[in-house]
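J.:
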Amino acid sequence: MCIAFPGKILSIDPDNFAVIEISGTRREVSLDIVDEPVTVGDYVICHAGYAIQRIDEEAALEKLSFLQELIDNEIY
Amino acid sequence: MKYIDEYRSPDLVRGLLDAVAILAAGIGRDVSLMEICGTHTHAVGRYGLRRLLPGTLRLVSGPGCPVCVTSIGDVDRALHLAGLPGVTFATFGDMLRVPGTGGENLARLRAAGKDVRVIASPADAVRFAEENPARQVVLLGIGFETTAPTVAAAVLRARERGVGNLSVFSAHKTVPQAIRALIADRSLNIDGFLCPGHVSVITGVEAYRMIPQAGRAAAITGFEPADIAEGVLLLLRQIADGRFEVAIQYARGVKAQGNARAREVMAEVFEPGDAEWRGLGVIPGSGLRIRREFEAFDALRRFTLPEIRSAEFRGCRCGDVLRGVMSPDQCGLFGEACTPASPLGPCMVSGEGTCAAYYKYERGL
Ligand code: SF4
Numbered sequence: 004m005c006i007a008f009p010g011k012i013l014s015i016d017p018d019n020f021a022v023i024e025i026s027g028t029r030r031e032v033s034l035d036i037v038d039e040p041v042t043v044g045d046y047v048i049c050h051a052g053y054a055i056q057r058i059d060e061e062a063a064l065e066k067l068s069f070l071q072e073l074i075d076n077e078i079y
Numbered sequence: 235m236k237y238i239d240e241y242r243s244p245d246l247v248r249g250l251l252d253a254v255a256i257l258a259a260g261i262g263r264d265v266s267l268m269e270i271c272g273t274h275t276h277a278v279g280r281y282g283l284r285r286l287l288p289g290t291l292r293l294v295s296g297p298g299c300p301v302c303v304t305s306i307g308d309v310d311r312a313l314h315l316a317g318l319p320g321v322t323f324a325t326f327g328d329m330l331r332v333p334g335t336g337g338e339n340l341a342r343l344r345a346a347g348k349d350v351r352v353i354a355s356p357a358d359a360v361r362f363a364e365e366n367p368a369r370q371v372v373l374l375g376i377g378f379e380t381t382a383p384t385v386a387a388a389v390l391r392a393r394e395r396g397v398g399n400l401s402v403f404s405a406h407k408t409v410p411q412a413i414r415a416l417i418a419d420r421s422l423n424i425d426g427f428l429c430p431g432h433v434s435v436i437t438g439v440e441a442y443r444m445i446p447q448a449g450r451a452a453a454i455t456g457f458e459p460a461d462i463a464e465g466v467l468l469l470l471r472q473i474a475d476g477r478f479e480v481a482i483q484y485a486r487g488v489k490a491q492g493n494a495r496a497r498e499v500m501a502e503v504f505e506p507g508d509a510e511w512r513g514l515g516v517i518p519g520s521g522l523r524i525r526r527e528f529e530a531f532d533a534l535r536r537f538t539l540p541e542i543r544s545a546e547f548r549g550c551r552c553g554d555v556l557r558g559v560m561s562p563d564q565c566g567l568f569g570e571a572c573t574p575a576s577p578l579g580p581c582m583v584s585g586e587g588t589c590a591a592y593y594k595y596e597r598g599l
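The listed protein sequences derive, respectively, from chains A and B. Letter by letter, the first sequence follows residues 4 to 79 of the working numbering. Letter by letter, the second sequence follows residues 235 to 599 of the working numbering.
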């Protein structure tokens, strides 16, 4: 039950529920407790039927390239 | 999937693990790190990370599975509530087979005709209640800071919609108090903690301040192999330098300040109370009970529960496994009398349990 997934928002209804695609399957999740505005196309982390956080794309990509660079330069 | 495959890149993981080996050798003594999240335990097993770490590095599994840490008393109370006439009992699926004192479980109650429903979201329980006004819907609230706000949000929604037949049995637990207890446990001697990524989405770094204060390392870590390898690296670097902090490895999901909105929702409905953890005993202030203002939604106030004499199943060592003092294969029942197909204790019942993870991934290693 604690396993949380990243998924992409496909649509949002007036009741603040969104349809999210999580690795190929669609699920309805509530947006009641995310703390920043999210829109269709955003990725969110979902837990127990609720989106809990927008995924920060920049942070994800930046980290990957940073790690790769450190490894390539044998700093890590 | 987005940002999952990338963090599984073998090159990346190998590079990080090489760095781990170099750092660990430099520290020149044995180091114990604890992962306090069932999802970490499973990821570590699934990718065989325990084997890939240097011999001086011990990775211990902590009390990170919410189903497993639910006390036998709370399991018995849940079973009692689920058995009451007129009650529809809503639960996450992994509680179904957790045995109570008499060996009974929710799945068997359901087979015997009780209305036990598996939900994917606390919002489903609100829906059931609206659709079945003649029934009393009782939602079992278990889990940590990740789940508690979702249950609180469901309660707020129910109140807003005037739903009068929903109540929550709150057996939620909060992670910081448990970590404090683990730090204080001298038999463990943990040098650093891989802090749970998704709990931290809600709590932010604040929840872990006491770890560096106690001279231990902390890194909020994600769930892919590269995340965990980097998390270990961040811990080792703190230990090598003797400078402790709460590092955020999982920056794509976790902000330092956490999710304030979720914390507000949680604090509106719940207040801290003492809670009994399987294996760790009663930890003051580590539970979440429903505030007076929401007593109409509190199953423990709506129904009168009898005194239940609860007792742990003899021979099951889940308590020691959860405290990290014993690994599952040291339990005499592991893999013989106790398997995922016929589990004896919650650590084997729950998909996120440490015994289930070891059975699945680390047998005979
Ligand atoms: S192997 Fe089974 S009996 Fe032993 S500690 Fe784990 S769950 Fe309990």
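In this text, a Cβ means the ideal position worked out from N, Cα and C, and glycines have one as well.
Is the number of C-beta pairs between the segment 296 to 305 of chain B and the segment 455 to 475 of chain B that are closer than 8 Å three or more?
T.: no
J.: Are there any heavy atoms of the ligand SF4 lying less than 7 Å away from the beta-carbon of Leu578 (chain B), as far as the coordinates show?
T.: yes
J.: Please tell me whether Trp511 (chain B) and Val265 (chain B) are closer than 8 Å, where the distance is taken between their beta carbons.
T.: no
J.: List the residues of chain A that Arg535 (chain B) touches, going by C-beta distances under 7 Å, in chain order.
T.: Residues of chain A whose Cβ lies closer than 7 Å to the Cβ of Arg535 (chain B) do not exist, since the nearest Cβ in that chain is about 24 Å away.
J.: Taking the alpha carbon of Arg523 (chain B) as the reference point, which residue from B:Arg420, B:Glu502, B:Arg551 and B:Gly515 has its own alpha carbon closest?
T.: Per the Cα distances, B:Glu502.
J.: Are at least three pairs of beta-carbons, each pair with one atom in the segment 584 to 598 of chain B and one in the segment 266 to 283 of chain B, less than 8 Å apart?
T.: yes
J.: Over what stretch of residues does the alpha helix (DSSP H) that includes Tyr46 (chain A) continue unbroken?
T.: In the DSSP annotation of this structure, Tyr46 (chain A) is not part of any alpha helix (DSSP H); the continuous beta strand (DSSP E) holding it starts and ends at Tyr46 to His50.
J.: Apart from the five residues on each side of it in sequence, which residues of its chain come closer than 6 Å, Cβ to Cβ, to Asp308 (chain B)?
T.: Taken in chain order, the residues that qualify are Ala405.
J.: How is Ser26 (chain A) classed by DSSP in three states: helix, strand or coil?
T.: coil
J.: Relative to the alpha-carbon of Ala359 (chain B), which residue among B:Val389, B:Thr381, B:Pro459 and B:Gly347 has its alpha-carbon at the smallest distance?
T.: B:Val389
J.: Taking the continuous beta strand (DSSP E) assigned at Thr455 (chain B), which residues delimit it?
T.: First-last of the beta strand (DSSP E) with Thr455 (chain B): Ala451 to Thr455.
J.: Run the proximity test for Met329 (chain B): is its beta-carbon closer than 7 Å to any non-hydrogen atom belonging to the ligand SF4?
T.: no
J.: Could you say which of A:Ile15, A:Val37, A:Ile12 and A:Arg30 lies nearest to Pro383 (chain B) if we only look at CA atoms?
T.: Closest by alpha carbon: A:Val37.
J.: If you follow the beta strand (DSSP E) that Leu291 (chain B) is in, where does it begin and where does it stop?
T.: Leu291 to Ser295
J.: Anything in the segment 480 to 491 of chain B with a Cβ closer than 7 Å to a Cβ of chain A? List those residues in chain order, please.
T.: Ala485, Arg486 and Gly487
J.: Give the range of the beta strand (DSSP E) segment to which Asp508 (chain B) is assigned.
T.: Phe504 to Trp511
J.: Does the CB of Asp59 (chain A) have a neighbour CB from chain B at under 8 Å?
T.: The beta-carbon of Asp59 (chain A) is placed less than 8 Å from the nearest beta-carbon of chain B.
J.: Should Ala63 (chain A) be flagged as near chain B, meaning a C-beta pair shorter than 8 Å?
T.: Yes, because at least one Cβ of chain B sits closer than 8 Å to the Cβ of Ala63 (chain A).
J.: Are there any heavy atoms of the ligand SF4 lying less than 7 Å away from the beta-carbon of Cys565 (chain B), as far as the coordinates show?
T.: yes
J.: With contact counted as at least three CB pairs below 8 Å, one residue from each stretch, are the segment 521 to 541 of chain B and the segment 239 to 250 of chain B in contact?
T.: no
J.: Short of 9 Å Cβ to Cβ, which residues in the segment 341 to 360 of chain B face chain D?
T.: Considering every chain present, this structure includes no chain D. Its protein chains are A and B.
J.: When you compare the CB of Ile436 (chain B) with every CB in chain A, is at least one pair closer than 8 Å?
T.: yes
J.: Pick out the complete beta strand (DSSP E) segments inside the segment 319 to 358 of chain B, 3 residues or longer, and give them in chain order.
T.: Listed in chain order, they are 321 to 325 and 349 to 352.
J.: Give the residues from the segment 23 to 35 of chain A that approach chain B closer than 9 Å (Cβ to any Cβ), ordered along the chain.
T.: Ile25, Ser26, Gly27, Arg30, Glu31, Val32, Ser33 and Asp35
J.: Going along the chain, which residues of the segment 491 to 506 of chain B sit with their C-beta nearer than 8 Å to a C-beta in chain A?
T.: Asn493, Ala494, Arg495, Ala496 and Val499
J.: Looking at chain A, which residues of the segment 458 to 477 of chain B have a Cβ within less than 9 Å of any of its Cβ atoms?
T.: So the list reads Ala460, Glu464 and Leu467, given in the order they occur along the chain.
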